[in-house]
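A short worksheet on the structure shown next.
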Amino acid sequence: MERSDTADTWLDLPPTPGQTRCALAVAAVVLAGFAAVVPIAGRPLAELNAFFPSLDAIVLVSDLITAVLLYAQFSISRSRALLALATGYLFTALIVIPHALTFAGAFSPAGLLGANIQTGSWLFIFWHIGFSAALLVYAALKEEWLVAPASRARALPAIGWCVAGVAGLVCALTWLATAGATLLPPIILDQRRISPIVVYPISFAMLISLAALLLLLRRRRSLLDLWLVVVALVTILELAFSGLLPSIRFSAGFYAGRAFSLLTASIVLIVMLAETTRLYIWLAHSNASLRREQNNKLMNLQTMALSIAHEVRQPLTAIAFSGAATLNFLKRSPPDLHHAEAAVKGMVDASQRANEVLDGVRGLFAKGEPHKVPVDVNDLIAEAVRSLQPELAGHKVETRLSLNSGLPPVSGHRGQLREVIVNLINNGLEAMASADGRRVLNIRTEPTAGGAAIAVEDTGLGVSPENAEGIFDAFVSTKPNGMGLGLAICRMIVERHKGELSFSAAIPRGAIFRVVLPQS
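Counting from 1, one number per residue, gives the positions in the sequence shown under the working numbering.
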């Protein structure tokens with residue numbers, strides 16, 4: 001099938017089940033209201049002539065806004081059906097102006113513009129025939145054999161010609177209903193009675209609306225089509241009240257018909273405003289999600305750079321420390337080659353660990369799962385403690401290891417898991433740096449149901465309750481010079497290993513960080 005070049009708008013989207021139920025509910029309420037008024041349709045009520053210009057003003061505003069919104073949609077889609085529908089709403093908005101001005105008893109006893117008692121009723125008939133015709137043209141142009149590809153011409157000239165044509169038609173019909181009233185048959189006998197001849201033009205308008213309704217039902221495809229079915233139904237019921245059921249003016253049915261006019265003018269406008277608001281909210285949420293995604297990407301880049309600096313600093317410090325120690329050993333007389341060799345070996349180990357850190361960070365921010373192998377957690381802890389022995393000694397920290405010999409191996413990236421342990425030990429060292437009293441670092445391991453657990457406990461000042469909730473968030477730090485990345489990186493690594501990192505307060509003081517990792 002040949003593809004149409006017509007641009008789609010939200011009006012062309014098929015209705016959701018909820019929207020269909022809402023339209024059916026409105027139609028049911030309208031039919032129930034119609035059925036309730038039918039028994040009393042002919043009951044005479046007081047003449048409220050000033051009531052009708054007020055209704056016309058509401059119809060004018062509603063239909064004019066609807067026409068503008070539909071013209072805007074036409075400028076996007078170039079759909080001739082939308083152009084016809086928008087022109088129909090514009091016609092209604094303009095013709096209610098002379099209808100209000102010429103209504104007998106509203107602004108003058110006979111109406112303005114040289115009106116007579118027939119003018120208002122004929123303008124009402126012209127109004128509904130024109131609107132019903134616009135509905136029928138819209139429904140007909142929606143037929144596949146009449147749908148034309150989008151025109152490349154500008155939309156503004158087409159809209160301008162339609163506005164000019166409608167304005168001219170309204171002026172001509174106003175003249176016909178006033179100065180040319182003798183050309184029309186009388187349909188109002190007196191202030192109260194309606195001539196039986198009114199049945200013919202009213203029935204003609206109803207038949208046009210019924211044809212539009214049947215066409216829309218047969219080819220209903222979009223949300224707008226669904227609600228125009230309801231509009232066509234309300235128009236038919238309104239016309240039934242306006243010329244078929246009551247035989248007198250200013251009756252219950254007469255007023256009910258005018259109330260239905262307000263509903264006819266409001267349905268599409270309310271739907272368009274509701275859908276536009278819903279789409280605006282969706283667009284705002286989409287933009288917010290896009291901004292969050294962009295911020296997350298920038299955050300990942302920033303976090304990656306800072307994490308490299310954070311993780312590499314420790315092995316670089318060890319290299320510098322071992323290098324300085326090597327120079328001191330070599331400057332002795334005679335040179336202390338044994339200790340110098342040990343210091344150089346420490347430099348080599350630290351450089352290898354720095355390389356593993358870089359590899360681990362790269363794997364941490366790369367797509368996909370990290371390369372996992374069976375890892376002995378006890379060996380990993382012993383290795384981390386050895387690498388941090390100068391820092392532990394410098395801080396005068398007593399290290400206590402309680403490593404369970406029956407611990408099963410865990411599945412993970414060795415370099416990344418070692419950085420978790422190093423970070424947790426460093427975190428404990430920094431927490432105890434400003435604490436008075438004995439500094440003890442307890443590191444324990446124990447088997448769990450699905451793997452192994454590591455607990456790192458310090459005797460520092462601990463974490464205050466207000467800071468405990470966001471302790472693992474990136475860029476959140478309780479230290480004056482902290483970057484807030486150590487624990488965030490630890491959590492990221494542990495979670496990527498399908499594990500869990502948690503925090504609890506130690507007794508009588510300090511903090512306990514517990515890592516649970518799955519078994520290999």
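The beta carbon of each residue, even a glycine, is placed where N, CA and C say it ideally should be. Please read all numbers here as calculations on a predicted model, not as lab measurements.
Is it buried or exposed, residue i, if we count other Cβ atoms within 10 angstroms and call 16 or more buried?
{"i": "Q352", "result": "exposed"}
{"i": "I281", "result": "exposed"}
{"i": "E469", "result": "exposed"}
{"i": "I159", "result": "buried"}
{"i": "Q73", "result": "buried"}
{"i": "S261", "result": "buried"}
{"i": "L70", "result": "buried"}
{"i": "P335", "result": "exposed"}
{"i": "L580", "result": "The requested residue 580 is not part of the displayed model; the chain covers only 1 to 520."}
{"i": "H285", "result": "exposed"}
{"i": "G521", "result": "There is simply no residue 521 to check, as the chain begins at 1 and stops at 520 in what is shown."}
{"i": "F513", "result": "buried"}
{"i": "Q221", "result": "Residue 221 is actually Arg in this sequence, not Gln. Exposed, by the Cβ-count rule."}
Is the Cβ-Cβ distance between residue i and residue j less than 8 Å?
{"i": "T66", "j": "A134", "result": "no"}
{"i": "T235", "j": "S75", "result": "no"}
{"i": "R400", "j": "N442", "result": "yes"}
{"i": "V515", "j": "A453", "result": "yes"}
{"i": "V166", "j": "A27", "result": "no"}
{"i": "V37", "j": "A265", "result": "no"}
{"i": "L90", "j": "V198", "result": "no"}
{"i": "Q118", "j": "I202", "result": "no"}
{"i": "L534", "j": "G451", "result": "Examination of residue 534 is not possible in this model, given that the chain is present from 1 through 520 alone."}
{"i": "A350", "j": "H395", "result": "no"}
{"i": "L123", "j": "I95", "result": "yes"}
{"i": "L529", "j": "V30", "result": "The structure shown does not extend to residue 529, since the chain is modelled only from 1 through 520, so no value can be given for it."}
{"i": "A212", "j": "A139", "result": "yes"}
{"i": "V375", "j": "V420", "result": "no"}
{"i": "A431", "j": "G460", "result": "yes"}
{"i": "E47", "j": "F241", "result": "no"}
{"i": "I97", "j": "L55", "result": "no"}
{"i": "A84", "j": "L169", "result": "no"}
{"i": "L173", "j": "F204", "result": "no"}
{"i": "A179", "j": "N116", "result": "no"}
{"i": "A155", "j": "R78", "result": "yes"}
With H, G and I counted as helix, E and B as strand and the rest as coil, what does DSSP make of residue i?
{"i": "P409", "result": "coil"}
{"i": "E398", "result": "strand"}
{"i": "T119", "result": "helix"}
{"i": "A452", "result": "strand"}
{"i": "R491", "result": "helix"}
{"i": "A46", "result": "coil"}
{"i": "T235", "result": "helix"}
{"i": "E469", "result": "coil"}
{"i": "A57", "result": "helix"}
{"i": "S79", "result": "coil"}
{"i": "P39", "result": "helix"}
{"i": "I95", "result": "helix"}
{"i": "N442", "result": "strand"}
{"i": "V515", "result": "strand"}
{"i": "S502", "result": "strand"}
{"i": "R21", "result": "helix"}
{"i": "P157", "result": "helix"}
{"i": "P480", "result": "The pLDDT assigned to P480 is 49, lower than 50, so where the model puts this residue is not dependable, and the model offers no usable value."}
{"i": "W145", "result": "Confidence is the limiting factor: at W145 the pLDDT is only 48, short of 50, which leaves the residue's position unreliable and the question unanswerable from this model."}
{"i": "P508", "result": "coil"}
{"i": "P335", "result": "coil"}
Measure from the alpha carbon of residue i to the alpha carbon of each residue in the options, then state which is nearest.
{"i": "V271", "options": "L226, P390, W282 and H338", "result": "L226"}
{"i": "G428", "options": "P409, A449 and A505", "result": "A505"}
{"i": "H99", "options": "H497, L176 and R496", "result": "L176"}
{"i": "P44", "options": "I208, L245, A93 and L113", "result": "L245"}
{"i": "S520", "options": "K372, C162 and A382", "result": "K372"}
{"i": "G130", "options": "I117, L207 and L101", "result": "L207"}
{"i": "S121", "options": "L407, E430 and R193", "result": "R193"}
{"i": "F103", "options": "F52, L141 and A164", "result": "F52"}
{"i": "R21", "options": "T317, L123, L223 and I512", "result": "L223"}
{"i": "A511", "options": "Y200, L136 and G462", "result": "G462"}
{"i": "A455", "options": "L228, L13, E466 and V422", "result": "V422"}
{"i": "A32", "options": "A340, E391, F472 and A256", "result": "A256"}
{"i": "V440", "options": "I507, R80 and A46", "result": "I507"}
{"i": "E398", "options": "D379, A179, G412 and I425", "result": "I425"}
{"i": "L403", "options": "N378, Q389 and R418", "result": "N378"}
{"i": "T317", "options": "E391, R438, A384 and E383", "result": "E391"}
Would you verify that the beta carbon of residue i is, or is not, closer than 8 Å to some beta carbon of chain D?
{"i": "I125", "result": "In the structure shown, chain D does not exist; there is a single protein chain."}
Can we say the stretch 332 to 348 touches the stretch 314 to 323, given the rule of at least three CB pairs closer than 8 Å?
yes
Can you find at least 3 beta carbon pairs, one from the stretch 260 to 274 and one from the stretch 56 to 75, that sit closer than 8 Å?
yes
Under 8 Å: do the stretch 446 to 454 and the stretch 486 to 497 share three or more Cβ pairs, one atom per stretch?
no
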